[in-house]
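Residue numbers (UniProt numbering): 1 to 495.
We put the CB at the ideal spot given by N, CA and C, even for glycine.
In what follows, a structure is listed as structure tokens, so that the remarks can point back to it.
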């Protein structure tokens, strides 16, 4: 797909303003859409939308499902309007921090309310309302698999599925059918909350379309071992007879680091190819039912992937293996048409990778935080961006631009000033201007850079579990003067 020159803002759903401790699909999301429209932006980008785990630091990149939505994002005000909750059900509202998500406290408050709402729905919903849920389940086979998986996790004290009793680990039909009857209320809870997430999301997507704003989702190439995806589709992954990975994902050591061992199970690409990449087609169909554009995280894995033996301690023990390459994207084109992707190609300057991207016209990414400002022609300097890339001022995995700038040594800072033609007095807007002015077909800035925030607003530090994914924006952050200033840059640089 060919993109037109345009721009947008990154802000994950959890970071939206809401009185309930975490961003949701209600008024705060629409307030942000109004801000984007006022700022003349065409795109809203966010992280993956799936349910997260406290044990994995609530990372949206380590979800229980690649298909499901996070029930914590469900708008309680809409449930009140629909009659499934009352005002008194929600009182008292804890004194949540407007600037940070406290996931444990939010879950402790919000999950019982969702259970109350589901109970009210089951007791009082009309026949048409019940049939709408049943139609949603009939249309999406993943819903029952996910709901059953979550109910089984509850039954087995949240233990990962490879440790469950054999009949459940191996999904023996008789055992699963009996369990589904025994746990029908718990399973129904997960089904109804997924239906509510879906209906509220579609309403939000319509609101975005009404304002001329497209939604940019995010697709992590790998899924977690402890997920409904691997439990329900073990043949799609490199597992042994005990459902344990034979090799896991990561990246090799580079100069200055030890590599990374992510631990995700790897795909059995041969088996997937024989199936016409059916699971992947289903995954992408689901995602494109929610968003308009998708960022493919760790695009390198589609060309070659680093396979680390499961019993190895060091990423250095791994080896490169061929990914699905052209055959995968040709199958997507045949099944889904020319869907719009952004390829996350950071860290892998490889001509073979770029050739794959070029064959399918996939723009890569450029992030000025990765620049050597004193090296002429450094590829992440905005002045060097070619047309078919997406420029970012910073990302969810980097420091804010102000935080990065504050940590630069004097030499790099001086070169940055020279490169951008600025004195550093308003560095956040200087880098936004540079990215907007660049030749990159798309330009994005996270909300924290629009607000000029330092490292206290950093969203995620890779390789750590604590203190991530917490930052929130208040309604005051969507100020008209900020929108007007961004609109001015957008008009000036023809985005």
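Going along the chain, which residues of its own chain have a beta-carbon closer than 6 Å to the beta-carbon of residue i, five neighbours each way excluded?
| i | result |
| --- | --- |
| residue 24 | 18, 73 and 75 |
| residue 343 | 296, 299, 357, 362 and 364 |
| residue 292 | 214 and 215 |
| residue 341 | 294, 296 and 362 |
| residue 40 | 487 and 490 |
| residue 124 | none |
| residue 338 | 1 |
Provide the residue span of the alpha helix (DSSP H) that contains residue i, from first to last.
| i | result |
| --- | --- |
| residue 32 | 27 to 38 |
| residue 178 | 173 to 182 |
| residue 419 | 410 to 420 |
| residue 332 | 325 to 336 |
| residue 293 | It is not in any alpha helix (DSSP H) - residue 293 instead sits in the beta strand (DSSP E) that spans 293 to 296. |
| residue 446 | No alpha helix (DSSP H) contains residue 446, which is instead part of the beta strand (DSSP E) from 442 to 446. |
| residue 113 | 103 to 124 |
Pull up the CB-CB distance for residue i and residue j, whole angstroms please, since I reckon it's below 8 Å.
| i | j | result |
| --- | --- | --- |
| residue 118 | residue 21 | With 8 Å as the limit, residue 118 and residue 21 do not qualify as a contact, their Cβ atoms being about 20 Å apart. |
| residue 6 | residue 442 | 6 Å |
| residue 67 | residue 286 | 5 Å |
| residue 323 | residue 269 | 6 Å |
| residue 332 | residue 272 | That pair is no contact at about 12 Å. |
On the DSSP letters alone, give me the boundaries of the beta strand (DSSP E) that residue i sits inside.
| i | result |
| --- | --- |
| residue 432 | Here residue 432 belongs to no beta strand (DSSP E); instead the alpha helix (DSSP H) covers 427 to 437. |
| residue 249 | 247 to 251 |
| residue 7 | 6 to 10 |
| residue 312 | From DSSP, residue 312 is part of no beta strand (DSSP E); its letter is neither H nor E. |
| residue 43 | 43 to 45 |
Report the residue from the options whose alpha carbon sits nearest the alpha carbon of residue i.
| i | options | result |
| --- | --- | --- |
| residue 42 | 227, 54, 308 and 212 | 212 |
| residue 300 | 356, 61 and 429 | 356 |
| residue 394 | 489, 431 and 138 | 431 |
| residue 456 | 47, 127, 29 and 473 | 473 |
| residue 408 | 447, 2 and 374 | 374 |
| residue 367 | 288, 121, 386 and 350 | 386 |
| residue 377 | 416, 449, 392 and 69 | 416 |
| residue 30 | 236, 201 and 414 | 201 |
| residue 392 | 434, 85 and 220 | 434 |
Whole angstroms are fine: how far does the CA of residue j sit from the CA of residue i?
| i | j | result |
| --- | --- | --- |
| residue 88 | residue 180 | 33 Å |
| residue 402 | residue 57 | 25 Å |
| residue 348 | residue 256 | 15 Å |
| residue 547 | residue 95 | Outside the displayed span of the chain (1 to 495) sits residue 547, for which this structure offers no information. |
| residue 370 | residue 398 | 9 Å |
| residue 226 | residue 427 | 42 Å |
| residue 144 | residue 191 | 7 Å |
| residue 465 | residue 60 | 12 Å |
| residue 71 | residue 210 | 25 Å |
| residue 419 | residue 203 | 44 Å |
| residue 184 | residue 380 | 53 Å |
| residue 440 | residue 390 | 6 Å |
| residue 253 | residue 267 | 22 Å |
| residue 422 | residue 64 | 46 Å |
| residue 208 | residue 4 | 18 Å |
With a threshold of 8 Å on Cβ separation, who are the neighbours of residue i within its own chain once the five nearest residues in sequence on each side are excluded?
| i | result |
| --- | --- |
| residue 250 | 259, 260, 261, 262, 263, 306, 308, 315 and 318 |
| residue 345 | 299, 300, 353, 354, 357, 364 and 365 |
| residue 396 | 10, 12, 47, 446, 459 and 460 |
| residue 496 | This structure does not reach residue 496, given that the chain is present from 1 up to 495, and the question cannot be answered. |
Closer than 7 Å by C-beta to residue i: which residues in its own chain qualify, once you throw out the five before and the five after it? Chain order, please.
| i | result |
| --- | --- |
| residue 352 | 303 |
| residue 167 | 175 |
| residue 169 | 161, 162 and 243 |
| residue 453 | 400 and 402 |
| residue 329 | 360 |
| residue 115 | 189 |
Indicate, with yes or no, if the ligand HEM has a heavy atom lying under 6 Å from the CB of residue i.
| i | result |
| --- | --- |
| residue 363 | Among the components modelled here there is no ligand, and therefore nothing to report on the ligand HEM. |
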